[in-house]
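Working notes for the structure below.
In the working numbering, the protein residues as written are 190 to 429.
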């Protein structure tokens, strides 16, 4: 409001909002928290304001690992507080990964203590756009990608009569193929049935672009569009 003036406050630290160096300066500012995590012998991964902790545990002795994790997250929270930041536990998640037998052995464990708060163990977790499940089957991730791509394929099909082939191809590449190709290297060695879900989406997208019947054989369509099949795209990504 023009008639009101906020009280002045002195800021000793900060990052210019909207600046080119903003993300870099923030990463530099938060870089030292990695030393706190490493001092507990826990592996970690940082991306912007997202920090992930990775801890390997034996199914028959989880108490020691959980105590280390609790101490580490408490120290991380204290480091944030000392440096004018706050650990958002409402957005924090815990995920157990392992084989079916290992997960069954720790089925009684339903929550994990982190920074003094009990976090429930989730069935899946989204990390940088990739959904990870407890068995690392990537079924949830592929199903989510297939639903999103199918939605965009239907949207393109509704207006396909108004588009040129080049424009339809551009839309399909930006809205569908980009989602299929994103982090597809993580899908190496997943069951063929999982890959087939994405292959069906890719085939349908090719039929929409070229305006051919739904029962048309897809291999020739992919060759005409110069699209590698999903499985070959994964192999190409790993090779390159």
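Virtual Cβ for every residue (Gly too), placed ideally from N, Cα, C.
Within 8 Å, strictly: CB atoms of residue i and residue j
i	j	result
residue 383	residue 328	yes
residue 202	residue 230	no
residue 284	residue 311	yes
residue 400	residue 349	yes
residue 420	residue 332	no
residue 361	residue 345	yes
residue 426	residue 373	yes
residue 375	residue 319	yes
residue 278	residue 265	no
residue 408	residue 342	no
Selection from the options that minimises the alpha carbon distance to residue i
i	options	result
residue 303	267, 417, 411, 294	267
residue 215	236, 391, 195	236
residue 301	339, 275, 367, 252	252
residue 371	422, 342, 238	422
residue 272	219, 259, 299	219
residue 340	313, 368, 226	368
residue 308	398, 195, 280, 381	280
residue 414	403, 405, 398	398
residue 246	226, 238, 317, 232	232
Residue i classed as buried or exposed, judged by whether at least 16 other C-beta atoms fall within 10 angstroms
i	result
residue 325	exposed
residue 416	buried
residue 351	exposed
residue 391	buried
residue 221	exposed
residue 330	buried
residue 357	buried
residue 366	buried
residue 395	buried
residue 200	exposed
residue 299	exposed
residue 217	exposed
residue 354	exposed
residue 359	exposed
residue 288	exposed
N-terminal and C-terminal residue of the alpha helix (DSSP H) that residue i is part of
i	result
residue 425	419-428
residue 358	354-361
residue 325	Careful: residue 325 lies outside any alpha helix (DSSP H) and carries neither H nor E.
residue 226	222-227
residue 409	407-414
residue 368	367-370
Residue i, enclosing beta strand (DSSP E) - first and last residue
i	result
residue 320	319-322
residue 349	Element bounds for residue 349: n/a, residue is neither H nor E.
residue 241	239-243
residue 302	300-303
Which of helix, strand or coil DSSP assigns to residue i
i	result
residue 389	helix
residue 188	With the chain running from 190 to 429 in the structure shown, residue 188 is simply not present.
residue 250	strand
residue 312	coil
residue 235	strand
residue 209	coil
residue 398	helix
residue 202	coil
residue 265	helix
residue 334	helix
residue 379	coil
residue 283	strand
Chain C within 8 Å of residue i, Cβ atoms only
i	result
residue 427	Looking at the structure shown, chain C is missing, and only one protein chain is on hand.
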